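Residue numbers (the working numbering): 64 to 322. Think of the CB as a built atom: it goes at the ideal place given N, C-alpha and C, for glycine as much as any other residue. Bear in mind the structure is a predicted one, so any value in this text is a computation, not a measurement.
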Amino acid sequence: MQIVIEADIAVRAGIAADFIEQAVKRNPQAVIGLATGSSPIPVYQELIKRYRAGRLSFASAKAFMLDEYVGIEQAHPQRYRNVIEKEFVSQVDFAPEAVQGPDGNATDLWKACRAYDSAIAAAGGTDVQLLGIGSDGHIAFNEPGGSLASKTHPEALTQQTRIDNARFFDDQLELVPTHCVTQGLSTIMSSKHPLLLASGKKKAKAIAAMCEGAVSSLCPASILQTHPNVTVILDEEAASELQLAEFYRYRWQTRVEEK
Ligand code: F6R
């Protein structure tokens, strides 16, 4: 795991955007994994800026979303599909149909989940997968206590996740959906480059468990320790409970770039 600790949000977003830009420049047909929530927003803003400056194009790229609420109205502003359209996809040049998300309104959710995994595999997996982390250690919506080898599946949201996400639903907990469909941990692990961003004190415990704790279903994100090419980009607060923070800073500053 390469762990980057950086106080400046613009620098953090720039580092993440660089990885995506490199992937798209290396292969214009690159497959990008998109996360929702607040953590990736500055990265999307940076990518939109670079697109508008003519520096990169997503015209031949594909994208897959991480997760979706179950049973949320098609037009609901917090439906993840609508969020990603508004925050990123509609502001760059993806081709129609190039961005897919799991279907939280399918009549057969399991069948839709299997089809979604097949579509990701058929595209060759994601080249870069943006991720956030829940305060309970989830990535996508893989909540604690699930299989570390899961594929895309329906999932129940923990009370903690619903409380955390109530801010997107006018702080009304009862409006937050109870279930979701989510890429599984093995789906995420099939990415060539998982790229996780976290900021704020509320994420510090989950980040310490993910980076330095045991690989355990109690912290689903800890499975990333077993991936050979993960980047974690943190602010000082999210990094505040890491035991080896000073070493991570040194390692990043003196890194050997891959050619
Ligand atoms: C969203 C997702 C979630 C979020 C996580 C952190 O697609 O997969 O795992 O990344 O809940 O959310 P924020 O970034 O809002 O703190």
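Query raised in the report: Whose C-beta lies closer than 8 Å to the C-beta of Gln288 among residues of the same chain, with five residues either side of it excluded?
Result: Residue 288 sits at position 225 when you count from the first residue of the sequence shown. Once the five neighbours on either side are set aside, the close Cβ partners of Gln288 are Met64, Met273, Cys274, Val278.
**Report entry** CB contact flag (Glu131, Val295, <9 Å)
**Finding:** Within the sequence shown, residue 131 is the residue found at index 68, counting from 1. Within the sequence shown, residue 295 is the residue found at index 232, counting from 1. Cβ distance not < 9 Å, so Glu131 and Val295 don't count as in contact.
Query - Spatial neighbours of Gln223 in its chain, beta-carbon cut-off 8 Å, leaving aside the 5 residues before and after - result: Translated into the one-based positions of the sequence shown, residue 223 becomes position 160. So the qualifying residues of the chain are Gly197, Ser198, Asp199.
Report task. Please say whether Leu172 and Leu129 have beta carbons closer to each other than 9 Å? Result -> Stepping through the sequence shown from its first residue, residue 129 is reached at position 66. Stepping through the sequence shown from its first residue, residue 172 is reached at position 109. The answer is no: Cβ separation not under 9 Å.
Query raised in the report: For the ligand F6R, is there a heavy atom less than 8 Å away from the beta-carbon of Ser285?
Result: Here residue 285 is taken as the residue at index 222 of the sequence shown, counted from 1. Checking every heavy atom of the ligand F6R against the Cβ of Ser285, none is found closer than 8 Å.
**Report entry** Start and end residues, alpha helix (DSSP H) containing Asp130
**Finding:** Working through the sequence shown from its first residue, we reach residue 130 at position 67. First-last for Asp130: 130 to 132, but that is the beta strand (DSSP E), not the alpha helix (DSSP H).
Query raised in the report: With distances taken from CA atoms, which of Phe82, Thr250, Ile135 is nearest Glu321?
Result: As a working note, residue 321 is residue 258 in the sequence shown. When only C-alpha atoms are compared, the closest one is Phe82.
Report task. Throw me the rounded Cβ distance for the Ala212 and Leu248 pair, which I believe falls under 8 Å. Result -> For the purposes of this step, residue 212 is taken as residue 149 along the sequence shown, with counting starting at 1. For the purposes of this step, residue 248 is taken as residue 185 along the sequence shown, with counting starting at 1. With a Cβ gap of about 7 Å, Ala212 and Leu248 count as contacting.
Query raised in the report: By DSSP, does Gln154 sit in helix, in strand, or in coil?
Result: In the sequence shown, residue 154 corresponds to position 91, counting from 1. Reduced to three states, the DSSP call for Gln154 is helix.
Requested in this report: Indicate, with yes or no, if the ligand F6R has a heavy atom lying under 8 Å from the CB of Tyr179.
Outcome: Numbered from 1 along the sequence shown, position 116 holds the residue referred to as residue 179. Answer for Tyr179: no, Cβ out of range of the ligand F6R.
Requested in this report: Could you name each continuous alpha helix (DSSP H) segment of 4 residues or more that falls completely within the stretch 173 to 232, going from the start of the chain to the end?
Outcome: 222 to 228
Query raised in the report: Closest by CA to Ile202, which one among Ile226, Ile66, Asp71, Thr99?
Result: Residue mapping note: residue 202 aligns to position 139 of the sequence shown, counting from 1. Considering only alpha carbons, the answer is Thr99.
Query raised in the report: Given that a residue counts as buried once 16 or more other Cβ atoms are within 10 Å of its Cβ, and exposed if not, what is Asn205?
Result: Position 142 of the sequence shown, counted from the first residue, corresponds to residue 205. It counts as buried.
Query raised in the report: Do you know offhand how far Asp166's Cα is from Cys176's?
Result: As a working mapping, residue 166 is identified with position 103 in the sequence shown. As a working mapping, residue 176 is identified with position 113 in the sequence shown. Roughly 8 Å separates the two Cα atoms.
Requested in this report: Drop a sphere of 10 angstroms on the beta-carbon of Leu119, count the other beta-carbons inside from all chains shown, and report buried for 16 or more, exposed for fewer.
Outcome: Taking the sequence shown and counting its residues from 1, one reaches residue 119 at position 56. Label assigned to Leu119: buried.
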